[in-house]
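In the working numbering, the protein residues as written are 4 to 205. Glycine residues also receive a C-beta, built at the ideal position from the N, C-alpha and C atoms.
Put into structure tokens, the structure is as follows:
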């Protein structure tokens, strides 16, 4: 994965999590590890440069809680936790990122993060991302099946098992995507029908 793509995914993840609630760095790290760790390796070393960049762009701000006057100076630095908050510009940037439904949103490294914030994403964008992801995986299935057909006679049983396992994993995700797409379309049809009924009653 390119560093540019990785930075984009991390930016979306940080802004999305801070939209849910302000957090200090350690809490943000834990939440990101849960969110990103499911889909790809997350480097803690990439978080603080990302936060610095977002601060520089005015997308987030630091909130440093005031220490009580009677707390010794030696304890202040340990107790003080910088809380990161989303700004109005940060909310606008998040909305912009959540409207992106092109190929970058379908890829392995970013699809899961986009999916994690689907509750904040418009229905038409959700559907485009799901359909794009399914299309990408169907292409992958074709190439994996073709590779299996070519090499089946030449590989040992363990390699064959590994290839079959990979194939089954992709097939499982395609089935899952088909179910999600079906639900999204059914929901959209219900909402359209409801809107038409309401328009007719006006």
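Report yes if the C-beta distance between residue i and residue j is below 8 Å; otherwise report no.
i, j, result
"residue 96", "residue 39", "no"
"residue 87", "residue 65", "yes"
"residue 140", "residue 187", "no"
"residue 35", "residue 56", "no"
"residue 184", "residue 110", "no"
"residue 84", "residue 22", "no"
"residue 107", "residue 191", "no"
"residue 100", "residue 31", "no"
When you compare each of the options to residue i by their alpha carbons, which one comes out closest?
i, options, result
"residue 148", "167, 16 and 94", "167"
"residue 48", "28, 67, 134 and 124", "28"
"residue 128", "152, 138 and 102", "102"
"residue 53", "26, 85, 117 and 10", "10"
"residue 92", "118, 58, 108 and 146", "58"
Am I right that residue i and residue j are in contact with their C-beta atoms under 8 Å? What's the rounded C-beta distance?
i, j, result
"residue 12", "residue 98", "So it is not a contact: roughly 17 Å between Cβ atoms."
"residue 136", "residue 120", "Not really, about 15 Å apart at Cβ, beyond 8 Å."
"residue 61", "residue 90", "6 Å"
"residue 104", "residue 131", "4 Å"
"residue 116", "residue 144", "With a Cβ gap of about 23 Å, residue 116 and residue 144 do not count as contacting."
"residue 163", "residue 155", "7 Å"
"residue 151", "residue 180", "Going by Cβ atoms, the distance from residue 151 to residue 180 rounds to 21 Å, so no, they are not a contact pair."
Checking the sheet assignment: what are the DSSP bridge partners for residue i?
i, result
"residue 87", "26 and 65"
Terminal residues of the continuous alpha helix (DSSP H) containing residue i?
i, result
"residue 59", "50-59"
"residue 138", "126-154"
"residue 118", "111-119"
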